[in-house]
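J.:
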Amino acid sequence: MLPAEPPHNAGYMVAAYIVAPVILVGYLLSLVRRVRRVLR
Amino acid sequence: MTATERSARALTRRGLGISLVGLAGLAGVYLLAIGYTPIEARQGVAQKIFYLHVPAAWSALIAFALVGLSSAMYLWLHDPRLDRFAASSAEVGVAFSAIMLTTGPIWAKPIWGTWWTWDARLTLTLFLFFLFIGYLALRASLHDPAERARFSAVVGILGMLLVPFIHLSVYLFRTLHPQPVVLKPSAPSLPPEMLRTLLVSTVVFTVLYIGLVTLRYGLALAEDVRDEVMDAAG
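Protein chains in written order, with numbering that gives the first Met the number 0: chain A, 0 to 39; chain B, 0 to 233.
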């Protein structure tokens, strides 16, 4: 018997791989903006 | 420019540099996850979300545990550096929790057939996230530094108490959430390629944690200098 083919669900991985850096870069940019405002 | 202000500037520069190294490392994790690790037979490509979700979860829980420890030490020593570190670690922990709480449901939908289920691990993690949002709101609402540090330290310690429950929740309660595959009494139950990618991602998230906390600590120091100057000016 042939092994079952893995499910096709790459779109979910793409979504997660976009969400994570968006959160990280968004937070990093917000920190940089706050630092600039305070240290002006 | 005062010595404290110079320290704040140096810390923010260092934190930004380390964070950028961490983001470059994250790009490397993507290359490893997509090009090096095999596709899991039953879960398909969606299983690769694991290389982001698990390190983000570990980093968030360690960040919140460190908030509790530094808060307890603050109540003992009254050193403002401990309070600044607790505030920085809490904010970075909330950012990592946001990654954990978004990538988790994105994985759950194709694997469980639902975005969310109110099982013990998920519910406790969501409560921990809300608790630290409350922690940050409490800090923002209090102006007196000593009062802010004391009150938030108590909340930080209470938040830390949830961390071991979350880790053990898959053993203590009936849950859909997968059992640990690395942090367990027996040897890790992962193929070597998956384990290596997971470990690399864990190192990258640790670098991101160090970079973001350093940057946030520098910001907290700069805010303290600004507040002192404004208070002195009346």
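Note that the Cβ used here is the ideal one computed from N, Cα and C, for glycine as well.
Predicted, not measured: the structure shown is a model, and the values here were computed from it.
Using 8 Å for Cβ pairs, my map puts G210(B) next to S18(B). What's the rounded Cβ distance?
T.: With 8 Å as the limit, G210(B) and S18(B) qualify as a contact, their Cβ atoms being about 3 Å apart.
J.: On the criterion of 16 or more Cβ atoms from any shown chain inside 10 Å, does A55(B) qualify as buried, or is it exposed?
T.: Classification of A55(B): buried, given that the 10 Å Cβ count is 16 or more.
J.: Using three-state DSSP, classify E227(B) as helix, strand or coil.
T.: Correct three-state label for E227(B): helix.
J.: Compare the beta carbon distance of F95(B) and A62(B) with 8 Å and say whether it is the shorter of the two.
T.: Going by C-beta atoms, F95(B) is nearer than 8 Å to A62(B).
J.: Should T11(B) go down as buried or exposed, given a rule of 16 or more other Cβ atoms within 10 Å for buried?
T.: With 16 or more Cβ atoms within 10 Å of its Cβ, T11(B) is classed as buried.
J.: Suppose the cutoff is 6 Å on Cβ atoms and the five residues either side in sequence are ignored; what does the same chain contact list for A71(B) look like?
T.: Result list for A71(B): I156, in chain order.
J.: Give the secondary structure of G112(B) by DSSP, where H, G and I count as helix, E and B as strand, and everything else as coil.
T.: In the structure shown, G112(B) sits in coil (DSSP, three-state: anything other than H, G, I, E or B).
J.: Go ahead and label T36(B) buried or exposed: buried means 16 or more other beta carbons lie within 10 angstroms of its beta carbon, across all protein chains shown.
T.: Looking at its Cβ environment, which holds 16 or more other Cβ atoms inside 10 Å, T36(B) is buried.
J.: Can you tell me whether DSSP reads G43(B) as helix, strand or coil?
T.: The answer is strand: DSSP assigns G43(B) an E or B state.
J.: Out of L214(B), S88(B), V53(B), state which residue places its alpha-carbon closest to the alpha-carbon of G14(B).
T.: The shortest C-alpha separation from G14(B) is found at L214(B).
J.: Just to confirm, are T174(B) and R120(B) a CB contact at a threshold of 8 Å?
T.: For T174(B) and R120(B), yes; Cβs fall inside 8 Å.
J.: Ignore the nearest five residues each way along the sequence and tell me which others in T3(B)'s own chain have a CB closer than 7 Å to its CB.
T.: Within the same chain, T3(B) has close Cβ partners L220, V224.
J.: Roughly how many angstroms lie between the CA atoms of L123(B) and L60(B), to the nearest whole one?
T.: So the two alpha carbons sit approximately 12 Å from each other.
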